[in-house]
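Undergrad: Can you keep this structure in mind? I'll have questions shortly.
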Amino acid sequence: MDNRPEFDYLFKLLLIGDSGVGKSSLLLRFTSDTFEELSPTIGVDFKVKMVTIGGKKLKLAIWDTAGQERFRTLTSSYYRGAQGVIMVYDVTRRETFTNLKDIWAKEVDLYSTNQDCIKMLVGNKVDKESERVVTKKEGIDFARESGCLFLECSAKTRVNVEQCFEELVLKILDTPSLLAEGSSSVKKNIFKQKPPQNDAATSGCC
Amino acid sequence: MKEAAGKEKREEMKEEDEENEEETLEELEGFDDFTLASSWERFISEIEAVCRQWLADGPKNLLKKGADCLGSPNNLYKVKSELKYGMKSYCMEYFFEISGSGKVVEWSIDLHNLQLSFGVKEFLLIAPISASGVVLDAPEASKLLSAVAIALSNCGSIWPAFVPVHDPSREAYIGIQNMGTDYTRRFEADRIGSQVPIKLMHLEGLYELFISKFVFSMVDFSASLFKVHFTMKLTYRTPPYDDDDGIQGGESEITESDGNSEVDNHSKTQWDDDCPWSEWYTAEDPIKGFELIAIWSSRIVENSLEMAELENASCHDAEKWLLLPILTPNSNADSKDKMTSFASQLHLLVNALNVSFEAQFMEDFISVEKASSDNLKSTPIPPPTVLDRVLKDLFNEGEKISNYSKSEYQNSRAIKGAPFESLFAQFCLHSLWFGSCNIRAIATLWIEFVREVRWCWEESQPLPSMLTNGSIDLSTCLIHQKLQMLAICIDKKVMVDKDLHKSSGGCEEGLQFKGYPSQVSESSDIDEKCDSSRQEAHHGSKINKSASDLKSKSLLKSTKIESPAQVRRGSAGVVGSMMLLNSYQRMHAPDTQDAPIMTEDMHEERLQAVEAFGNSFSFSAQLEKDVLSSDMSAFKAANPDAVFEDFIRWHSPGDWERDENEDDDKLRVEGYDWPPQGRLSQRMSEGGNSWRQLWNVSPALPASEQKPLLDPNREGEKILHYLETLRPHQLLEQMVCTAFKASADNLSQTSFGDLQQMRTKIEQLYLTMASILKHLQANHLKDKGELIDDLKRLCLVFEHVEQLLILAASLHRKLLSAPRLSKAIFADYYNFYLPRMGTSSVGNADEKEFNVRQPVRSSERQVVANMFPPPTANQSWRKVLSMGNLFNGHEPIYREIIFSLYDNFGEGQYGTSGPRSNHREIETHRMYICGTSNDLQAALSVTSCD
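Protein chains in written order, with full-length UniProt numbering: chain X, 1 to 206; chain W, 1 to 946.
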């Protein structure tokens, strides 16, 4: 407000998914590029990372939620104001994938306060290729069905972790309504703006 | 002076014209030397030159050169040129159509009067330029007409040309058309403005009038046969709703509140009584009635008797029915300020928001000393009686709301306001209509409102219209969230009080723990459990040490002997078939505390706190830790012999790993797997695991005995403090959001049938509102002026949608049994209205009226006919019926007839009817007649062989 902020946009991202799919590891890999066995998250964890993507200085506030059912009512409140939601599953555990479909995707629809909030489907632990039970095609199909971005990655081996966040942020940068919200200097006159378009484009990339 | 200037101008224009002409003439052949010509000849060639130019250009080029379009629905255009003859100036206009099908469509509505009268398509109209318009005496008119006729034949044009004659009110014309080499058509139109002869009021007489135009010689023409083509168009108007039926009184309640001018006083028949908005205001019915147009397409009449029959024919015999709603004259422009609607009140609320920045507290607006400006002091506040009534309405304990109904419109949720039925939304709606919705009235209402809320809190009375289902909807506005939280706090407070009263027990835990089997307030519940555990007791005799498993009443006494730590407390029932790891007991899920609820500002606080710690610090929310610890304590209490692993198996099943192949050789005891197989996941079993640390320090305590995660007394007080010290602009911002949303929610409940455009429009309105109102929640109100402007524009958008919706509702209920028709008419109106909606400027109201007639299908005719109830005795004596062609006893307001007679000129005689196909048929006579019993217009065109 008073002087120029040190970033162009502030985006709030949210990690959701069953417990043990590696949400915290993913976040740790992204924010400090390390990997270690982490204690299960209690409730919620939170990290901030400054990045420059698409020529814009961005401050990412990433909320990492606990997957336990008991915390679900609590985490529902963290959906508020999130521009991006990352739905994580474990490619070696099918139930984590089906739960995304049956539970988590519905939670997003229910609690997200952003109409245009970008969803991203992430299959983690691709390093355990031999134990894989959820195929990439299944992931792509689900992503297309529910209008998400899709990526498979491994927090352990770093594969695709950076891309995961980058893709998501680029998509947010492409969405005017989200951009306006995250902007540090909000533009007002919507009569001069075009109404936001809601294109739920699906992209699969690896 | 003016005249002189005008003349000069005209001369200049003429010069220009002449220049044009010279160019034209050079281009065109047939250049004549007119140096010696008379002024009349010069005039003719002037006309000729202009016509040649127009002919050469053709419609497309004329359009490019800027021809005027005459109204949007038809494709009629005109170009004009001014001419001078002697001392007089004339204006010659050429009317033409673009992409016309070539055929004149019968009874097409967008025909020019002359097109309709004479059955022509394109035409020339030449009239003197004078202040009074069209005044020509007969000689001047015929001279002018012959000049044009000569000019037109010189350039080989077959355009008909018309000249007005007589007094303008007569709408009389004469005209001529050169139809190729052989024929000429002459036109004549006149009008009788009053005292129409009785004969001409009836079809029979009109028929004879037509016949008389070509049967000069025959004495008794009634006996002879003429095949006269006849078509007729009748226009009926639905009778006005009888004003006398309405009950006077029932004055809008707002009147008494402030006596202001803004109340509309038409409270006779409230057509919208059951529309959702009628709770707040009465809208004028936008549809005054309908016009029914019945068209008899061409039929052949051979004698006047048939005409008499046609006059008595039922309207149902007409080939075509068209329906046109009669709308209230465009309510734009001047009448605007008087119209009361949600939009008008929202506008006032936005004004109040603008003022609200001036003071620190709401009280400042009503206190005498602090009122900042004088004009604020004089703003009226409704009297206390009204205030009382509003508060009663808000706080009266009506039916309890079990859930807020969901708007049909998905985007409603995108607006950060309170749900429609909720207390704050109702407060906002009342505020809109409280007095003149000025800041002082709002302040008065708010202060009393908060006082009432405090009373509910102090007295532990449930807040009306609020849910206590334990969750807070963060997509709503903060005040609503706070009230939600307060309602929950009151609920909890009441429960705590109750518990205190029954401190001797009564809850399940107390019952079991203290072993009062006689106290059976919840015994049925327990009995069920007993049944299931009895079975268990039979086969589990080995290790049945734990008191908690001994649920049967006979064994309860032994429970007392056990040490308290061993006693099961706070169980919510067994978990499936799960057994504890280290003891042969079924696992019980504990009663747990509700997850603490938070309003968005509390979340914000946490977020800020977390951000303050920065990135380096691995953060785990204290609140969630408390919840987890509470769960662990409760679990320990419910399962006294449980270990950490048991807790994980219940709480985080994903961290309990079992190998698939172990399933086969596990020990199965009477259906239960015991001991349970598996181990903790790696991350759970590591040394410094925070979960295990927490487990180790959590005491075994049932939820009922734990420190509450939410302290209702403390939180409730905080909320009241918030409400009592809320900054005026913060209140008004939230009120504006909620009022917009609630108003739209109210309107969108209107039933208007299946009108897709309306639905889309409402959806769009929600979107527009959401995107503008969003800026109100932003903490930085950088540009207040711009924001207020945006909001005022939003009010205009709202007004358009509101008016459209009222129309849709009115249309829907009037054509309830003909949904297709109401849909079609609405679609027409929507397309007509839409271009007007975009422009928020009100100044240049388009005078054009809606005139799209919608064909009525035969299945819908009865519905339409029902709109014309037979007139009551009261109505029928008022009118003298004289025309015939009655429809359910109603006379047409307008009757139009076209007679035409065809002949093949080859045989040279009238009245003979040779085989048509062989000869070229020509319309020899055509007569257009329109009017009522006291106004008759007739236009005749006669083709003759020269």
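Glycine is no exception: its CB is placed at the ideal position from the N, C-alpha and C atoms. Keep in mind that this is a model prediction, so the values were computed, not measured.
Buried or exposed, going by whether 16 or more other CB atoms sit within 10 Å of the CB of residue 107 (chain W)?
TA: Looking at its Cβ environment, which holds 16 or more other Cβ atoms inside 10 Å, residue 107 (chain W) is buried.
Undergrad: Using 8 Å as the limit for Cβ to Cβ distance, is residue 836 (chain W) near chain X?
TA: Not closer than 8 Å to any Cβ of chain X, the Cβ of residue 836 (chain W) fails to qualify, so no.
Undergrad: Give the DSSP-derived three-state secondary structure of residue 136 (chain X) in the structure shown.
TA: Helix, per DSSP.
Undergrad: Give the straight-line distance between the Cα atoms of residue 948 (chain W) and residue 435 (chain W), rounded to the nearest whole angstrom.
TA: No information on residue 948 (chain W) is available, as it lies outside the stretch 1 to 946 that chain W covers here.
Undergrad: Taking the runs of the alpha helix (DSSP H) that are 4 residues or longer, which of them lie wholly in the stretch 270-349 of chain W?
TA: If we require 4 residues or more, the alpha helix (DSSP H) runs fully inside the stretch 270-349 of chain W come out as 304-312.
Undergrad: Any contact of the stretch 50-61 of chain W with the stretch 149-161 of chain W, i.e. 3+ C-beta pairs under 8 Å?
TA: Cβ pair count under 8 Å is three or more, so yes.
Undergrad: For residue 165 (chain X), name the three-state secondary structure that DSSP assigns.
TA: Reduced to three states, the DSSP call for residue 165 (chain X) is helix.
Undergrad: Residues in the same chain with beta-carbon distance under 8 Å from residue 132 (chain X), minus the five sequence neighbours each way, listed in chain order, please.
TA: The residues are 91, 92 and 126.
Undergrad: Go through its chain and collect everything with a Cβ distance to residue 71 (chain X)'s Cβ below 6 Å, but skip five positions before and after it.
TA: Here the set comprises 43.
Undergrad: Would residue 654 (chain W) pass as an interface residue toward chain X - the criterion being a Cβ-Cβ separation below 8 Å?
TA: By this cut-off, residue 654 (chain W) is an interface position.
Undergrad: With a Cβ-Cβ cutoff of 8 Å, do residue 458 (chain W) and residue 387 (chain W) count as a contact?
TA: Going by C-beta atoms, residue 458 (chain W) is not nearer than 8 Å to residue 387 (chain W).
Undergrad: May I have the straight-line CA-CA distance separating residue 14 (chain X) from residue 86 (chain X), to the nearest angstrom?
TA: C-alpha separation (whole angstroms): 6 Å.
Undergrad: For residue 40 (chain X), would you say it is in contact with chain W, using Cβ-to-Cβ distances shorter than 8 Å as the test?
TA: Chain W, which has a Cβ nearer than 8 Å to the Cβ of residue 40 (chain X), makes this yes.
Undergrad: Can you list, in chain order, the residues of its chain whose CB lies under 7 Å from that of residue 632 (chain W), leaving out five sequence neighbours each side?
TA: Excluding residues within five positions, the ones whose Cβ falls inside 7 Å are 647, 694, 695 and 698.
Undergrad: Who are the near neighbours of residue 654 (chain W) in its chain, counting only those whose CB is closer than 8 Å to its CB and skipping five residues on each side?
TA: Correct list, in chain order: 681.
Undergrad: Nearest to residue 730 (chain W) by alpha carbon, out of W:803, W:360, W:625 and W:832?
TA: The option with the nearest alpha carbon to residue 730 (chain W) is W:360.
Undergrad: Specify, as a first and last residue, the run of the alpha helix (DSSP H) that residue 139 (chain W) falls within.
TA: Its alpha helix (DSSP H) spans residues 138-154.
Undergrad: For residue 170 (chain X) and residue 604 (chain W), what's the separation of their Cα atoms in angstroms?
TA: Those two C-alpha atoms are separated by around 26 Å.
Undergrad: With a CB to CB cut of under 7 Å and the five nearest residues on each side skipped, what residues in its chain are close to residue 912 (chain W)?
TA: The predicted model places residue 912 (chain W) with a pLDDT of 43, which falls under 50 and marks its position as unreliable, so this point remains unresolved.
Undergrad: Please confirm whether residue 67 (chain X) and residue 118 (chain X) have their CB atoms less than 8 Å apart.
TA: For residue 67 (chain X) and residue 118 (chain X), no; Cβs fall outside 8 Å.
Undergrad: Using a Cβ cut-off of 9 Å, pull out every chain X residue sitting near residue 631 (chain W), in sequence order please.
TA: Within chain X, the residues near residue 631 (chain W) are 70.
Undergrad: Among all the DSSP beta bridges, which residues are the ones paired with residue 963 (chain W)?
TA: There is no way to answer for residue 963 (chain W), as the model of chain W reaches only from 1 to 946.
Undergrad: Going by the beta-carbon positions, is the gap between residue 634 (chain W) and residue 591 (chain W) smaller than 8 Å?
TA: Closer than 8 Å, so yes.
Undergrad: Using a Cβ cut-off of 8 Å (strictly closer), state whether residue 933 (chain W) contacts chain X.
TA: So, not an interface residue.
Undergrad: Whole angstroms are fine: how far does the CA of residue 145 (chain W) sit from the CA of residue 175 (chain W)?
TA: Cα to Cα, residue 175 (chain W) sits roughly 7 Å from residue 145 (chain W).
Undergrad: May I ask you to list, following chain order, the residues of the stretch 458-480 of chain W that have a beta carbon less than 7 Å from some beta carbon of chain X?
TA: The residues in question are 474 and 475.
Undergrad: What are the complete alpha helix (DSSP H) segments, minimum 4 residues, inside the stretch 775-827 of chain W?
TA: Within the stretch 775-827 of chain W, the complete alpha helix (DSSP H) runs of at least 4 residues are 784-814.
Undergrad: Under a CB-based cut-off of 8 Å, is residue 43 (chain X) close to chain W?
TA: Yes - at least one Cβ of chain W is within 8 Å of the one on residue 43 (chain X).
Undergrad: Taking the continuous alpha helix (DSSP H) assigned at residue 938 (chain W), which residues delimit it?
TA: Here residue 938 (chain W) belongs to no alpha helix (DSSP H); instead the beta strand (DSSP E) covers 935-945.
Undergrad: Just to make sure I have the definition right: I need the residues of chain X whose C-beta is within less than 8 Å of the C-beta of residue 683 (chain W). Which are they?
TA: What residue 683 (chain W) touches in chain X: 20, 37, 38, 39 and 40.
Undergrad: Applying the 10 Å Cβ sphere with the 16-neighbour rule, what's the burial state of residue 63 (chain X)?
TA: Buried.
Undergrad: So, at 7 Å on beta carbons, what are the nonlocal neighbours of residue 833 (chain W) in its own chain, with the 5 sequence-adjacent residues on each side left out?
TA: Within the same chain, residue 833 (chain W) has close Cβ partners 804.
Undergrad: What is the C-beta distance between residue 322 (chain W) and residue 287 (chain W), in whole angstroms, given that I count them as a contact (C-beta under 8 Å)?
TA: Wrong, their Cβ atoms sit about 16 Å apart, outside the cutoff.
Undergrad: Return the chain-ordered list of same chain residues with a C-beta closer than 7 Å to the C-beta of residue 750 (chain W), the five sequence neighbours on each side being excluded.
TA: Within the same chain, residue 750 (chain W) has close Cβ partners 275, 276, 805 and 809.
Undergrad: For the stretch 388-421 of chain W, which residues have a beta carbon sitting closer than 7 Å to at least one beta carbon of chain X?
TA: Listed in sequence order: 414.
Undergrad: If you draw a straight line from the alpha carbon of residue 582 (chain W) to that of residue 763 (chain W), how long is it in whole angstroms?
TA: Approximately 60 Å, taken between the alpha carbons.
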